[in-house]
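The working numbering puts the first residue of the sequence shown at 84, with every later residue one more than the last.
Ideal Cβ positions, reconstructed from N, Cα and C, are used throughout, including at glycine.
Data first, discussion second: the structure below is written as structure tokens.
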Amino acid sequence: MGAPGAGKGTQSKTLVDSLSIIQISTGDILRSAVEGESSLGLEAKAYLTAGNLVPDEIVIKIIEERIILDDCKKGFILDGFPRTREQAVALDEILKKNNMSLNSVVFIDVPEKELITRLLKRAEIENRPDDNLLVIKNRLEVFKKKIEGLLGYYKEKNLLKFVDGTGNSPEVNSRIVRALGI
Ligand code: AMP
Numbered sequence: 084m085g086a087p088g089a090g091k092g093t094q095s096k097t098l099v100d101s102l103s104i105i106q107i108s109t110g111d112i113l114r115s116a117v118e119g120e121s122s123l124g125l126e127a128k129a130y131l132t133a134g135n136l137v138p139d140e141i142v143i144k145i146i147e148e149r150i151i152l153d154d155c156k157k158g159f160i161l162d163g164f165p166r167t168r169e170q171a172v173a174l175d176e177i178l179k180k181n182n183m184s185l186n187s188v189v190f191i192d193v194p195e196k197e198l199i200t201r202l203l204k205r206a207e208i209e210n211r212p213d214d215n216l217l218v219i220k221n222r223l224e225v226f227k228k229k230i231e232g233l234l235g236y237y238k239e240k241n242l243l244k245f246v247d248g249t250g251n252s253p254e255v256n257s258r259i260v261r262a263l264g265i
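Laid out in structure tokens, this is it:
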């Protein structure tokens with residue numbers, strides 16, 4: 084978990100390479116659905132463009148259908164899910180139903196000023212439709228509204244690892260590896 088621009092995608096990709104497991108990014112799944120103009124994409128498009136959260140039931144269904152596939156058997160990293168307490172509760176139910184459980188929850192912590200700088204830079208490089216200043220600010224607000232509830236949920240379960248997300252990507256990766264004890 085982490086704010087937009089905290090490095091969730093980058094760090095997940097590094098970890099899946101070293102652990103030989105897969106990454107499930109609800110953001111990537113939704114973006115490719117929007118690009119492919121599937122019915123999911125058409126439903127999700129307005130939320131992504133505005134930087135708002137897609138309704139819980141839609142993302143929960145994506146996860147429910149994804150984690151039962153064969154390539155998840157060895158384990159997976161969820162990137163960008165859950166983002167609300169309701170999603171976290173649903174995730175617990177889905178995992179239980181499939182005899183799975185979470186090993187750890189990593190929160191990548193980056194100060195807001197740096198997040199905005201990173202996101203604006205990414206806007207130039209990747210041309211993501213939701214990386215312009217107005218939408219970025221909205222995404223950060225949406226994140227702030229939900230994060231306390233989520234952190235509380237996982238703190239209670241003793242799963243939460245807080246990692247300093249400043250500095251370069253290999254530095255953050257070693258902090259995560261240390262926090263996870265892998
Ligand atoms: P991300 O790439 O993780 O920053 O996600 C990009 C966008 O996809 C978000 O701004 C939301 O509109 C949507 N999205 C991704 N994951 C979720 C989620 N777990 N719940 C609701 N919306 C999501």
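Thinking C-beta only, is residue j closer than 7 Å to residue i?
{"i": "ASP214", "j": "ARG205", "result": "yes"}
{"i": "ARG211", "j": "GLY88", "result": "no"}
{"i": "ASP162", "j": "GLY248", "result": "no"}
{"i": "ARG168", "j": "TYR236", "result": "yes"}
{"i": "VAL188", "j": "LEU98", "result": "no"}
Going straight from the alpha carbon of residue i to that of residue j, what length do you get?
{"i": "ASN241", "j": "ASP139", "result": "24 Å"}
{"i": "LEU174", "j": "SER101", "result": "25 Å"}
{"i": "LYS156", "j": "ARG149", "result": "11 Å"}
{"i": "PHE226", "j": "LYS238", "result": "18 Å"}
{"i": "LEU120", "j": "ILE107", "result": "Reading the sequence as shown, one finds Glu at residue 120 and not Leu. Taking the straight line joining both Cα atoms gives about 20 Å."}
Check whether the Cβ of residue i lies closer than 6 Å to any heavy atom of ligand 1, and answer yes or no.
{"i": "LEU131", "result": "yes"}
{"i": "PHE164", "result": "yes"}
{"i": "GLY110", "result": "yes"}
{"i": "PRO87", "result": "yes"}
{"i": "VAL218", "result": "no"}
{"i": "VAL142", "result": "yes"}
{"i": "VAL137", "result": "yes"}
Thinking just about the alpha-carbon of each residue, which of the options is nearest to the one in residue i?
{"i": "PHE245", "options": "VAL137, ILE143, LYS96, ALA262", "result": "ALA262"}
{"i": "GLY90", "options": "LEU234, LYS238, LYS220, ILE199", "result": "ILE199"}
{"i": "ILE105", "options": "THR249, ILE160, ILE265", "result": "ILE160"}
{"i": "GLU224", "options": "SER257, LEU123, ASN135", "result": "ASN135"}
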